[in-house]
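K.L.:
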Amino acid sequence: MNDYLTAVMRDTQDVNPVLNHLGIRVEQAENGTARLRLDASEHVAQGAGMTAGGIIATLLDEAMAHAVLSALNGHTRTATIDMHVQYLSGVRPGTVLHAEAQVVKNGSSIAFVRAQATTPQGKVAATATASFFLS
1 MNDYLTAVMR DTQDVNPVLN HLGIRVEQAE NGTARLRLDA SEHVAQGAGM
51 TAGGIIATLL DEAMAHAVLS ALNGHTRTAT IDMHVQYLSG VRPGTVLHAE
101 AQVVKNGSSI AFVRAQATTP QGKVAATATA SFFLS
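Taking the UniProt record's numbering, the leading residue of the sequence shown gets 1, the next gets one more, and so forth.
1. Starting from the N-terminal side, write out each stretch of the beta strand (DSSP E) that is 3 residues or longer and does not extend beyond the segment 54-108.
2. Using the DSSP secondary-structure output, state which residues sit across from Asp-39 in a beta bridge.
3. Count the other C-beta atoms from every protein chain shown that fall within 10 angstroms of the C-beta of Glu-100, then say buried if there are 16 or more, exposed otherwise.
4. For Thr-118, report the span of its beta strand (DSSP E) as first-last.
5. Taking the beta strand (DSSP E) that Val-124 belongs to, which residues open and close that run?
6. Taking only three categories from DSSP, how would you classify Val-26?
7. When the Cβ atoms of the segment 43-58 are set against those of the segment 3-13, are three or more pairs found closer than 8 Å?
8. From which residue to which residue does the alpha helix (DSSP H) around Thr-51 run?
9. Round the Cβ separation of Val-111 and Leu-60 to the nearest angstrom and send it over; I've been treating them as touching at under 8 Å.
10. Rounded to whole angstroms, what's the CA-CA distance from Ala-67 to Leu-38? Just pull it up for me.
11. Do you know offhand how far Val-18's Cα is from Glu-30's?
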């Protein structure tokens, strides 16, 4: 595990400000997989009172990025090239969402990843696939 992943999983991490701002925690990142948690509070709700889709997309993107970071094979950084999100159900504030991601293929310069965000009851809120540049 690299220094960044060790630091980002601490309770008081300060290496990824966007995670702190949105209330996202990295629970696990190893061997090409990652699990992140979002306690969807009212401050991430849109006008109709549901968790904003962009917040869920960010949770999925971060989960996939951390899965890639845990499997860099000599590379040191990654960046999202493209991402496709399918929203399957609305998420009310107060809901806990877990995003689980796994690297599907780790090439020499691009990684392909998939993820899904689920409630503790197992309801899938959204799924995503993405490709990431490796440098």
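Glycine included, C-beta positions come from ideal geometry on N, C-alpha and C.
P.N.:
According to the structure shown:
1. 78-87 and 96-106
2. Val-96
3. With 16 or more other Cβ atoms within 10 Å, it is buried.
4. 110-118
5. DSSP places Val-124 in the uninterrupted beta strand (DSSP E) bounded by 124-134.
6. strand
7. no
8. Per DSSP, Thr-51 belongs to no alpha helix (DSSP H) and is neither H nor E.
9. The sequence shown places Ala at residue 111, rather than the Val named in the question. The pair is not a contact, with the Cβ atoms about 15 Å apart (cut-off 8 Å).
10. 16 Å
11. The alpha-carbon atoms of Val-18 and Glu-30 are separated by roughly 21 Å.
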